[in-house]
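Below is one structure; the comments refer to it alone.
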Amino acid sequence: MEFLSQISLGFIPVLIGIILLYGTFKQVPTYESFVEGGKEGIKIAFSIIPFLVGMLVAITVFRASGALEALMNWIRPVMEAIGVPAEIVPLILIRPISGTAALGMTSDLIAVYGPDSFIGRLASVLQGSTDTTFYVLTVYFGAVGIKKMGDALKVGLLADVVGIIAAIVVVLLVFGAK
Amino acid sequence: MVNYIWVFMTIVGFIFAMINGTMAEVNKAIFDGAKEAVTLCIGLISILVFWLGMMRIAQESGLLEVLSKLFRPLVRKLFPDVPTNHPAMGYILSNMIANMFGLGNAATPLGIKAMEELKLLNGGKNSASRSMVTFLAINTASITIIPTTVIAIRMNYNSASPTEIVVPTLIATIISMLGAVMIDRYFYNRRSRKG
Numbered sequence: 001m002e003f004l005s006q007i008s009l010g011f012i013p014v015l016i017g018i019i020l021l022y023g024t025f026k027q028v029p030t031y032e033s034f035v036e037g038g039k040e041g042i043k044i045a046f047s048i049i050p051f052l053v054g055m056l057v058a059i060t061v062f063r064a065s066g067a068l069e070a071l072m073n074w075i076r077p078v079m080e081a082i083g084v085p086a087e088i089v090p091l092i093l094i095r096p097i098s099g100t101a102a103l104g105m106t107s108d109l110i111a112v113y114g115p116d117s118f119i120g121r122l123a124s125v126l127q128g129s130t131d132t133t134f135y136v137l138t139v140y141f142g143a144v145g146i147k148k149m150g151d152a153l154k155v156g157l158l159a160d161v162v163g164i165i166a167a168i169v170v171v172l173l174v175f176g177a178k
Numbered sequence: 001m002v003n004y005i006w007v008f009m010t011i012v013g014f015i016f017a018m019i020n021g022t023m024a025e026v027n028k029a030i031f032d033g034a035k036e037a038v039t040l041c042i043g044l045i046s047i048l049v050f051w052l053g054m055m056r057i058a059q060e061s062g063l064l065e066v067l068s069k070l071f072r073p074l075v076r077k078l079f080p081d082v083p084t085n086h087p088a089m090g091y092i093l094s095n096m097i098a099n100m101f102g103l104g105n106a107a108t109p110l111g112i113k114a115m116e117e118l119k120l121l122n123g124g125k126n127s128a129s130r131s132m133v134t135f136l137a138i139n140t141a142s143i144t145i146i147p148t149t150v151i152a153i154r155m156n157y158n159s160a161s162p163t164e165i166v167v168p169t170l171i172a173t174i175i176s177m178l179g180a181v182m183i184d185r186y187f188y189n190r191r192s193r194k195g
């Protein structure tokens with residue numbers, strides 16, 4: 001599985017290379033476009049500050065008080081019986097509900113357990129591989145006035161479960177349980 | 001729902017602190033958490049600026065359109081109810097491509113446009129059509145090619161290899177996408193059996 005890490009390393013440079021060469025070939029003012037697009041990045045980074053401050057304060061308080069540890073000890077036997085590390089459970093629960101809350105939890109897990117630990121890698125893959133089902137559902141159906149959702153919620157949540165299992169299995173296979 | 005979870009974590013934290021005598025730690029946690037969040041966002045600026053800059057070039061050069069043409073035959077199979085040249089198809093494709101490249105802000109308006117078109121196709125009814133359920137399933141499973149924010153967070157906390165999770169994320173996301181499509185088909189077949 002070592003070669004997967006190698007592909008990961010080459011992936012971004014190759015993609016950037018394609019974007020730059022194709023842009024030049026199509027006579028796009030590459031540098032000016034880059035700067036214009038980049039300005040949007042600043043806006044996004046600043047606009048998520050309040051979301052993250054709110055979430056990280058709540059998570060840090062929850063952890064510092066000892067409540068998180070109590071919750072972990074409580075759910076650990078059940079979760080470990082089915083092969084899910086207990087530390088990741090709060091992230092799994094909040095992922096379908098709020099993207100920024102999940103982002104806060106992911107960064108908290110990475111900060112506490114380290115980015116190159118099993119938990120850190122699992123949190124990274126989980127954050128990247130599923131989306132906020134409830135958000136997508138509310139925004140998309142809400143915007144066009146769909147009241148009867150049919151099987152949409154069931155399908156979305158079951159797909160999340162598949163994504164979570166896939167993330168755990170892939171991280172175990174690629175990096176092992178260190 | 002987020003509102004309840006947020007209040008729950010904070011209040012339960014305070015109650016626990018009272019019982020466990022960890023009030024000092026909790027007081028410190030309030031300010032540490034806030035500071036951590038701001039530091040993190042500042043750390044995210046670098047990669048967000050770089051990535052969105054790159055994506056602007058990809059957009060203006062038409063690279064994203066080329067990609068959406070590549071995916072057209074595949075997506076057509078996923079939405080048998082949508083006529084090939086219907087505008088809904090175009091919006092669905094652009095939405096998927098935008099999601100793939102982590103352009104969440106660009107993806108949402110395209111997704112809403114796609115929904116509007118799908119609603120028209122469904123005779124303007126206020127119930128979800130087959131294609132709408134499929135479209136949502138695909139969106140919630142969201143294929144990500146480069147999880148930029150996650151890479152930025154990993155960099156922030158000094159990962160030895162921040163990008164090592166790119167391929168694993170891609171594999172996990174493809175599996176969850178396939179899962180979403182299969183689950184969607186299963187429920188569709190169940191609905192049509194019931195009539």
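If you're matching them up, the sequences are chains A and B in order. Each residue of the first sequence is one higher than the one before, counting from 1 in the UniProt record's numbering. Each residue of the second sequence is one higher than the one before, counting from 1 in the UniProt record's numbering. Every residue gets a Cβ at the ideal spot worked out from N, C-alpha and C, and that includes glycine. Just so it is clear, the structure is predicted and the values come from calculations on it, not from any experiment.
Under a criterion of Cβ atoms nearer than 7 Å, the residues of chain A adjacent to B:Leu40 are, in order, Leu52, Ser107. Take B:Leu74, set aside five residues on each side of it, and no residue of its chain has a beta-carbon closer than 7 Å to its own.
Put simply, the CB of B:Met115 is near chain A, with a gap under 7 Å to one of its CB atoms.
Assignment of B:Ser131 by DSSP, reduced to helix, strand and coil, places it in the helix class. DSSP, read as helix, strand or coil, puts A:Lys148 in strand. Under a criterion of Cβ atoms nearer than 7 Å, no residue of chain B is adjacent to A:Leu91; the nearest Cβ is some 12 Å distant. Residues of the region 152 to 163 of chain B with a Cβ closer than 8 Å to any Cβ of chain A, in chain order: Ile153, Arg154, Asn156, Tyr157, Asn158, Ser159, Ala160, Ser161, Pro162, Thr163. DSSP, read as helix, strand or coil, puts B:Asn85 in coil.
Taking a C-beta cut-off of 8 Å against chain A, the contacting residues of the region 18 to 33 of chain B are Asn20, Thr22, Glu25, Val26, Lys28, Ala29, Ile30, Asp32, Gly33, listed in chain order.
Counting only runs of 4 or more residues that sit fully inside the UniProt domain "Nucleoside transporter/FeoB GTPase Gate" (42 to 152) of chain B, the alpha helix (DSSP H) segments are 63 to 78, 87 to 100, 104 to 121, 130 to 141, in chain order. From the listed residues A:Gly145, A:Ala111, A:Val61, A:Pro13, the smallest Cα separation to B:Ile15 is found for A:Val61. Taking C-beta atoms as the reference points, B:Thr144 and B:Thr173 count as a pair closer than 7 Å.
Interface flag for A:Tyr113 against chain B is unset, since no Cβ pair is found closer than 7 Å. Proximity of B:Arg185 to chain A, defined by a Cβ-Cβ separation below 7 Å, is not satisfied. Within the region 104 to 134 of chain A, the alpha helix (DSSP H) runs of at least 4 residues that lie entirely inside it are, in chain order, 118 to 129. Contact annotation, B:Val38 with A:Ile49: C-beta distance approximately 6 Å; criterion of less than 8 Å satisfied. With at least 16 other beta carbons inside 10 angstroms of its own, A:Arg95 counts as buried. DSSP, reduced to helix, strand and coil, places B:Tyr157 outside both helices and strands of the structure shown, so it counts as coil. Interface criterion met: the Cβ of A:Lys26 is under 7 Å from a Cβ in chain B. If the five residues before and after A:Ile165 are omitted, its C-beta is found closer than 8 Å to no C-beta atom of its own chain. Of the other Cβ atoms in all chains shown, fewer than 16 fall within 10 Å of the Cβ of B:Lys69; this residue is therefore exposed.
Between the C-alpha atoms of A:Thr130 and B:Leu78 there is a straight-line separation of about 19 Å.
Within chain A, the residues placing a beta-carbon under 9 Å from that of B:Pro147 are Ser124, Val125, Gln127, Gly128, Ser129, ordered along the chain. Nearest neighbour of B:Pro162 by Cα position, chosen from A:Pro115, A:Ile7, A:Gly37, turns out to be A:Pro115. Within the region 5 to 44 of chain A, not a single complete alpha helix (DSSP H) segment reaches 4 residues in length. Against chain A, the beta carbon of B:Ser127 has neighbours under 9 Å at Ile146, Lys147, Lys148, Met149, Gly150, listed in chain order.
Scanning the region 61 to 95 of chain A from its first residue to its last, the whole alpha helix (DSSP H) runs of 4-plus residues come out as 67 to 81, 89 to 94. With a cut-off of 8 Å on Cβ pairs, the region 25 to 40 of chain A is in contact with the region 56 to 63 of chain B, counting three or more such pairs. Put simply, of B:Arg185, B:Ser159, B:Phe101 the residue whose alpha carbon is nearest the alpha carbon of A:Ala111 is B:Ser159. Taking the beta carbon of A:Gly176 as reference, no residue of chain B falls within 8 Å; the closest one sits roughly 12 Å away. Close CB contacts of A:Ala101 within its chain, under the 6 Å cut and outside five residues either way in sequence, are with Met55, Ile94 (chain order).
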